[in-house]
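K.L.:
Could you have a look at this structure, given as structure tokens, before my questions?
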Amino acid sequence: MRWIAVALLSLLSLPAMADGVPRDGALGFQPAASPLMEEITSFHNILLWIIIPVTIFVLALLIIVAVKYNAKANKVPSKFSHNTMIEIVWTLVPVIILLFIAYFSFPLLYRGDVFPDVDEAEVVNVKAQGNQWNWTYTYTDVIVDDYPVEFVSNPIHRGLPDEPEGTADAPRNLAVDLPMVVPVDTVVRVQTAASDVIHSFAVPAFGIKTDAVPGRLNELWFLANETGTYYGQCSELCGKDHAFMPIEIRVVTQAQYEAWLERVTGNSVEDARQYLAEITNESPVQLASVQ
Ligand SMILES: [Cu+2]
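In short: position in the sequence shown from 1, add 1054, done, that's this note's numbering.
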């Protein structure tokens, strides 16, 4: 009974959550923060309306058969082996249901692969390189002294000596020292690669997941439509610290993004980090329910 209560409560409280953090006891997806994830969530909800009746129908058939046709209740079993009509029905009906699902599913599956038709000048390009065990983010459009801006995003190991100050509330195994920062309502192209083994770049609130493969450049895109802090994790088993290479993305306003860029390009990552802490204090991330 308890999990039913938790499920109902988590459904009721869904709209109140703003940031992309996993919650204790939650069911379903994190709240969508991109148009793609909104579509994935509504497709998932449509599927529930199909799956639940199918499950109830099959369960009902099983119960009817078990009760009505068991050896005690039905001592003389019928001997027929074929019924053309019923075989046509139980083949056609599932085919129609599956075609209906595929009709919505396939375009959605490839939506993330097709880059939207936008002005290249307005796209933010970031390369995400997976390493054992952290991510290197390269802002390929932002050049300082002939080199693109690049920094390593390390997880915050809470309780260990290298824990940075003021991060006591940061979600465990999700927060990083230097997050990827992108502007809101802007198409972001992420090119994934890896320096050692295969990793995978995934952020549930944006509905994105793409492998990061050594010697290969994969591409994904997202558009975050709400400012906030969003968390993801490496999603391809990559070694002993696989569970400790989180992804943190800060979605900020265009003005904040430009201010952050100015600090990064001023060659001071520490300054940029400080700035992020400042704007976090202005609108703190709600993490009260995170353990
Ligand atoms: Cu991994």
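Backbone N, C-alpha and C define an ideal beta-carbon position, used for all residues, glycine too. Just so we're clear, the structure is a prediction, and the values are computed from it rather than from any experiment.
Under the rule that 16 or more other beta-carbon atoms within 10 Å means buried, what is MET1139, buried or exposed?
P.N.:
Sequence index remark: in the sequence shown, residue 1139 carries index 85 (1-based). Classification for MET1139: exposed.
K.L.:
With 16 as the cutoff for other CB atoms within 10 Å, does ASN1188 come out buried or exposed?
P.N.:
Indexing the sequence shown from 1 puts residue 1188 at position 134. Answer is buried; the Cβ neighbour count reaches 16.
K.L.:
Could you say which of SER1322, THR1240 and ARG1270 lies nearest to ALA1411 if we only look at CA atoms?
P.N.:
As shown, the chain starts at 1055 and ends at 1345. That puts residue 1411 outside it, with no answer to give.
K.L.:
Which value, in whole angstroms, describes the spacing of the CA atoms of GLY1286 and ILE1150?
P.N.:
Looking up residue 1286 in the sequence shown gives position 232. Looking up residue 1150 in the sequence shown gives position 96. One C-alpha to the other measures close to 36 Å.
K.L.:
Spell out a yes or no on whether the stretch 1237-1245 and the stretch 1266-1282 are touching, meaning 3 or more CB-CB pairs, one atom from each, closer than 8 Å.
P.N.:
Cβ pair count under 8 Å is three or more, so yes.
K.L.:
Compute the distance between the beta-carbons of ASP1223 and ILE1210, then report whether it is under 7 Å.
P.N.:
Within the sequence shown, residue 1223 is the residue found at index 169, counting from 1. Within the sequence shown, residue 1210 is the residue found at index 156, counting from 1. No, they are not a contact pair.
K.L.:
Using the rule of at least 16 other Cβ atoms within 10 Å of the residue's Cβ for burial, across every protein chain shown, is TYR1249 buried or exposed?
P.N.:
Along the sequence shown, one-based indexing puts residue 1249 at 195. The sequence shown places Ser at residue 1249, rather than the Tyr named in the question. Exposed: under 16 other Cβ atoms inside 10 Å.
K.L.:
Using a Cβ-Cβ cutoff of less than 8 Å, which residues in the same chain neighbour PRO1170 once the five nearest sequence positions on both sides are dropped?
P.N.:
Here residue 1170 refers to the residue found at position 116 of the sequence shown. Closer than 8 Å at the Cβ level, and outside the excluded window around PRO1170, lie VAL1241, TRP1275 and LEU1277.
K.L.:
Run through the DSSP bridge pairs and tell me what TYR1193 is partnered with.
P.N.:
As a position in the sequence shown, residue 1193 is number 139, starting the count at 1. Per DSSP, VAL1203.
K.L.:
Considering only the beta carbon of each residue, do GLU1204 and THR1192 sit closer than 7 Å?
P.N.:
Reading the sequence shown from its first residue, position 150 is the one you call residue 1204. Reading the sequence shown from its first residue, position 138 is the one you call residue 1192. Yes, these two residues count as a Cβ contact at 7 Å.
K.L.:
For LEU1101 and ARG1077, what's the separation of their Cα atoms in angstroms?
P.N.:
Taking the first residue of the sequence shown as position 1, residue 1101 is located at position 47. Taking the first residue of the sequence shown as position 1, residue 1077 is located at position 23. About 23 Å.
K.L.:
Could you have a look at ASP1265 and say whether DSSP puts it in helix, strand or coil?
P.N.:
Locating residue 1265 in the sequence shown gives position 211, counting from the first residue. Note: ASP1265 maps to strand in three-state DSSP.
K.L.:
Expressed to the nearest angstrom, what Euclidean distance is found between the alpha-carbon atoms of THR1095 and VAL1130?
P.N.:
The residue you call residue 1095 lines up with position 41 of the sequence shown. The residue you call residue 1130 lines up with position 76 of the sequence shown. Looking at the two C-alpha atoms, the distance is approximately 50 Å.
K.L.:
Do ARG1304 and PRO1225 have their C-beta atoms within less than 7 Å of each other?
P.N.:
For the purposes of this step, residue 1304 is identified with residue 250 of the sequence shown, where counting begins at 1. For the purposes of this step, residue 1225 is identified with residue 171 of the sequence shown, where counting begins at 1. No, the pair does not count as a contact, with Cβ atoms beyond the cut-off.
K.L.:
How big is the Cα-Cα spacing for ASP1167 and PRO1161?
P.N.:
One-based indexing of the sequence shown puts residue 1167 at position 113. One-based indexing of the sequence shown puts residue 1161 at position 107. Between ASP1167 and PRO1161, the C-alpha separation is close to 10 Å.
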